[in-house]
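Structure first, then comments.
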DNA sequence: AACAGTGGTTGACAACTGTAGTCGATCCAG
DNA sequence: CTGGATCGACTACAGTTGTCAACCACTGTT
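Protein chains in written order, with my numbering: chain A, 1 to 132; chain B, 1001 to 1132.
Written out as structure tokens, the structure is:
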């Protein structure tokens, strides 16, 4: 296609994306409602953001009746990963550890998530442990 | 002064901050040099960014001779934490686990960092393990 | 004291963002 | 089919960001 360089999301766009990721698919009205509640945005504002997100390739639409059904064109996790990479790229290396620690603390993680992380960390320890 | 609401850093500003965080303190010339190498920015560009960072309260300056010595007004880790919180806030909850996993994989972590994380995760597991 | 360098301040300008209203097409109820 | 409700496209507009050049003040040198 042509999303070679996926343009980054702006703050407001993230918020709209979050709504759509949560709903998985949604029509305008639903999005306006949640966005209105959550951020006090008028429909006009959300319209613009939806449009921009379509243009940027983050949303796919299918015509239905009067309007569209919106659904994510990219998974939340993949977009988040990219954002995380940027964040890590901005981090001075000594800060990565504390940064990760902070995030782990702040996150609500399931047992499974914790297991996965635990294993990952174990593996990393073994891998690096081999140094003199 | 006026850092009630620390304005967010823009992408370019992060890059300059990173340089200053790395150097801990630096004069213009040093920053121009690294920024030039790293991002192909002209001195003019960096000047503007430095100015904006001062205005936003991210850099403190002390007059020395002709110009300033720049140094971070906020620690890298605290700024990163804030950015991380934003990121987590943008994440749909199911994604936090995978997100963290991705970041742990991608980061270069010291043994100590790994220890800290391990303990954190253990603690979390125990805390949540008591259910059923 | 005059000058060349270095560096901060300003001004510029296009692109992107945040916010939102208007308008014409479309759909549903009557 | 007619009228009201929706919805997406388009327009608007101020503020932020990315990029820089021009200008001016201060420094250190000769």
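For every residue, glycine included, the Cβ atom is placed at its ideal position computed from N, Cα and C.
First and last residue of the uninterrupted alpha helix (DSSP H) at residue i
i	result
residue 86(A)	76-90
residue 101(A)	96-106
residue 1051(B)	1043-1055
residue 18(A)	11-23
CB of residue i within 7 Å of CB of residue j, strictly
i	j	result
residue 1091(B)	residue 1021(B)	no
residue 1094(B)	residue 1049(B)	no
residue 1104(B)	residue 120(A)	yes
residue 80(A)	residue 1099(B)	yes
residue 114(A)	residue 1125(B)	yes
residue 1083(B)	residue 87(A)	yes
residue 1057(B)	residue 1073(B)	yes
residue 28(A)	residue 65(A)	no
residue 211(A)	residue 1036(B)	The structure shown does not extend to residue 211(A), since chain A is modelled only from 1 through 132, so no value can be given for it.
residue 1016(B)	residue 1032(B)	no
residue 1071(B)	residue 1106(B)	no
Proximal residues of chain A, C-beta to C-beta of residue i below 7 Å
i	result
residue 1140(B)	This structure leaves residue 1140(B) out entirely; chain B is present only between 1001 and 1132.
residue 1093(B)	108
Chain A contact for residue i (CB, 7 Å cutoff)
i	result
residue 1037(B)	no
residue 1001(B)	Confidence at residue 1001(B) is low in this model, with a pLDDT of 49, below 50, so its placement is unreliable and no value can be given for it.
residue 1076(B)	yes
residue 1113(B)	yes
residue 1022(B)	yes
Contacts that residue i makes with chain A (C-beta to C-beta distance below 8 Å)
i	result
residue 1117(B)	97, 100, 101, 104, 117, 121
Proximity test, Cβ basis, 7 Å: residue i and chain B
i	result
residue 80(A)	yes
residue 124(A)	yes
residue 41(A)	no
residue 18(A)	yes
residue 56(A)	no
residue 7(A)	no
The ligand MN heavy atom lying under 6 Å from the CB of residue i
i	result
residue 1092(B)	Ligands in the displayed structure: none, and consequently the ligand MN is not present.
Cross-chain neighbours of residue i in chain B, by beta carbon under 7 Å
i	result
residue 84(A)	1087, 1099, 1102, 1103
residue 128(A)	1111
Residue i, enclosing beta strand (DSSP E) - first and last residue
i	result
residue 32(A)	That residue, residue 32(A), is in no beta strand (DSSP E); its alpha helix (DSSP H) goes 28-39.
residue 63(A)	59-64
residue 72(A)	67-72
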